[in-house]
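**Q**
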Amino acid sequence: MMIKVFLVEDDPLVSMMLEGYLDILGHEIVVTAATVAEALDLVAKRDFDLAILDVHLADGKTSEAVASALSDAGKAFIATSGDATIMAAEFDGRPVLRKPFRIAELERAIAAITG
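Read in order, the letters of the sequence shown correspond to residues 0 to 114 in numbering that gives the first Met the number 0.
Structure representation (structure tokens):
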């Protein structure tokens, strides 16, 4: 089953890597955002099955507000971060991929959410 993915990521290289991984896995990025403000605007406006959410974005903000909005909208998400310690309650119980991660780790995280 193809999953429609909302990607919140500020690094173009990571975005390209994820696009390639998701393509190999048979999924598709249908919407992207690089800032918290942009992501918050798109959560309610766009149709997607799953979000992949970078915890620390280049605009100097962390994405707890986006995680909260996704949870409120009933949307599943996977958090990604180069930081091994993610303490925010908004990420509690969610799959977290520590960068750099491999395609197999992404596949397991998606399977854990989608069943």
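All residues carry an ideal CB built from backbone N, CA and C; glycine is no exception.
Please read these numbers as outputs of a predicted model, since none were measured by experiment.
1. Using the Cα positions of Gly114 and Met0, report the straight-line distance between them to the nearest angstrom.
2. Kindly indicate which residue of Asp91, Met15 and Ser62 has the alpha-carbon position closest to the one of Ala36.
3. In its own chain, which residues sit with a C-beta less than 6 Å from the C-beta of Glu104, not counting the 5 before and 5 after it?
4. What are the start and end residues of the beta strand (DSSP E) that includes Arg93?
**A** To lay it out plainly:
1. Reading the sequence shown from its first residue, position 115 is the one you call residue 114. Reading the sequence shown from its first residue, position 1 is the one you call residue 0. Answer to the nearest angstrom: the Cα atoms are 11 Å apart.
2. Start at 1 with the first residue of the sequence shown, and residue 36 comes out as number 37. Closest by alpha carbon: Ser62.
3. Along the sequence shown, one-based indexing puts residue 104 at 105. Closer than 6 Å at the Cβ level, and outside the excluded window around Glu104, lie Leu96.
4. Stepping through the sequence shown from its first residue, residue 93 is reached at position 94. No beta strand (DSSP E) holds Arg93; DSSP gives it neither H nor E.
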